[in-house]
Amino acid sequence: EDQVTQSPEALRLQEGESSSLNCSYTVSGLRGLFWYRQDPGKGPEFLFTLYSAGEEKEKERLKATLTKKESFLHITAPKPEDSATYLCAVQVMDSSYKLIFGSGTRLLVRP
Amino acid sequence: GAGVSQSPSNKVTEKGKDVELRCDPISGHTALYWYRQSLGQGLEFLIYFQGNSAPDKSGLPSDRFSAERTGGSVSTLTIQRTQQEDSAVYLCASGVQREPQHFGDGTRLSIL
Chain A
461 EDQVTQSPEA LRLQEGESSS LNCSYTVSGL RGLFWYRQDP GKGPEFLFTL YSAGEEKEKE
521 RLKATLTKKE SFLHITAPKP EDSATYLCAV QVMDSSYKLI FGSGTRLLVR P
Chain B
2 GAGVSQSPSN KVTEKGKDVE LRCDPISGHT ALYWYRQSLG QGLEFLIYFQ GNSAPDKSGL
62 PSDRFSAERT GGSVSTLTIQ RTQQEDSAVY LCASGVQREP QHFGDGTRLS IL
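If you read the sequences in order, they're chains A and B.
Going by the working numbering, the first sequence opens with residue 461, and the numbers climb by one from there.
Going by the working numbering, the second sequence opens with residue 2, and the numbers climb by one from there.
Below you can see the structure in the form of structure tokens.
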């Protein structure tokens, strides 16, 4: 069964304290891995797509990496506005392009 | 530009009533998805529409749930005879095949 697991469930950081969020996956065949950010009361906002092991993407303080078993979202020198829930999802090699989501990591960055 | 629009943003109804949730996708997006996000749980796939192809209904939890997409654009998710366990945020997303899906802000459904 295709599965996505995110850790930790929650993370508290001081402003400027860098860290990483983990997304491990078990799938029959990976088409792509997606990172989203979700603020309270809002829908998920797209951040990155990674398609193959070794690929990296960066955007401001965020950097996503991918291996054959997991992905990391590295947050460098976070700011309070980075506080949100970060969701990881995979798209598998089948006829549907549906996303299979992990349960997310709630990030709180304190000033 | 205009994003995915969902209505209503909130819906409160009594157990046993039928509800309809609407989604207006981004113009030009051929794929449309419905997901459900329950309290403390991840997003759960419900149904997928792609162009004129038969929809992938594999995620619908029961036959009380149905959805249609008219003219390849607007979609309606219908829940009949609502139950308390149907309380959740229903999210719609649109996209183009393997490209990133873009989400609306959802309909928060509460069943009394």
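Ideal Cβ positions, reconstructed from N, Cα and C, are used throughout, including at glycine.
In the structure shown, the three-state DSSP call for residue 15/B is coil.
The C-beta of residue 558/A comes closer than 7 Å to at least one C-beta of chain B. At the C-beta level, residue 109/B and residue 82/B stay beyond 7 Å of one another. Of the other Cβ atoms in all chains shown, fewer than 16 fall within 10 Å of the Cβ of residue 3/B; this residue is therefore exposed. The secondary-structure analysis by DSSP pairs residue 507/A with nothing; it has no beta-bridge partner. Annotated as distal: residue 111/B and residue 103/B, with beta-carbon spacing of 7 Å or more. Leaving aside the five residues that flank residue 107/B on each side, the residues in its chain whose CB is nearer than 8 Å to its CB run, in chain order, 7, 10, 38, 90, 91, 92, 93. Under the 7 Å criterion on CB atoms, residue 105/B is classed as interfacial with respect to chain A. Nearest to residue 5/B by C-alpha distance, out of 76/B, 87/B, 98/B, 80/B, is 76/B.
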